[in-house]
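Using the UniProt record's numbering, you'd call the opening residue of the sequence shown number 1 and step up by one each time.
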Amino acid sequence: MITYVEETGSTNADLKSRIAEGEYLSEGDWLVTDRQTAGRGRLGRIWSDGYGNFMGSTVVRPGPGDPPTSSLALLSGIVASTTLSAFLDEGATLMLKWPNDLLIGACKVGGVLLEAVRDVVVIGIGVNLANSPDVPGRQVAALSEFGPAPERNAFAEALADTFQTELARWRTAGLAPLLRRWHSAAHPVGTPLTVLPPGESAVQGTFAGLADDGNLRLLVSDGMIRTIHAGDVLLADA
């Protein structure tokens, strides 16, 4: 079920608060808003909103037989990419950047934020459908710059349907097929990257694929492979 509201601080924060207060939220429940006043992206960044864009959150209740919870970041990226690709005009190439940013060319058009509360994972997805914010130091774009953008509610319904399908596949097929699909939707092996691990200086290298657990493998200058568990990843020419 999708619940639409005109304005809220943050759809992720709203769902987290409701869960913390003891409310049971089912998988498949979504909260979608026209406008967020306190939206956040990964690493605590402000997530700028805009009317006509998609801003929404849902929940996953991981079970004991599920793949690692951390792989929900990759799953969410696949869901957003698959949904957005169906609305994208020919000639515009959509690409995933680890772990779940959506790019057209070097421009970010969407992203995902995962947060855990109790035994539930809250997944927030934002996609620039109609307009893109002005973000200093970042290249951003909206789907409308590459062709007709879908109406927000139509996109929300398609996203919710795709999420349910992919979540079921994640549970039954496991992690390996998800990693292969992520690879096929992402920038190719050998792409120059700059990585900003938490609390460390920037690390430069080239994309060497994903580890078996979904972490990023970076080929650095000394020929060694460094595994990245968390951090900001930039295309070197972005």
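All C-beta atoms, glycine included, are put in the ideal place defined by N, C-alpha and C.
When DSSP states are grouped into helix, strand and coil, E7 belongs to the strand group. Counting only the Cα atoms, N131 lies some 31 Å from L179.
One Cα belongs to Y24, the other to A236, and the distance between them is close to 43 Å. The straight-line gap separating the alpha-carbon atoms of L216 and T206 is approximately 11 Å. Between the region 193 to 204 and the region 56 to 67 there are fewer than three inter-stretch CB-CB distances shorter than 8 Å, so the stretches are not counted as touching.
Cα atoms of M55 and G209: separation of roughly 29 Å, rounded to the nearest angstrom.
Here DSSP, grouped into helix, strand and coil, assigns S57 to strand. V79 carries a helical assignment under DSSP once its states are collapsed to helix, strand and coil. By the neighbour-count definition (other C-beta atoms within 10 Å, threshold 16), I123 is a buried residue. D134 and V140 have their alpha carbons spaced roughly 8 Å apart.
Residues K108, G111 of the same chain have their beta carbon placed closer than 7 Å to that of D101, with the five preceding and five following residues left out of the count. The C-alpha of G9 is placed about 31 Å away from the C-alpha of W182.
In this structure the region 148 to 157 does not touch the region 189 to 197; the number of beta carbon pairs closer than 8 Å is below three.
Distance check between G50 and each of T58, T33, V121 places T33 closest, using alpha-carbon atoms only. Under a 10 Å Cβ-count criterion, S184 is classified as exposed, with fewer than 16 other Cβ atoms of the shown protein chains found around its own Cβ.
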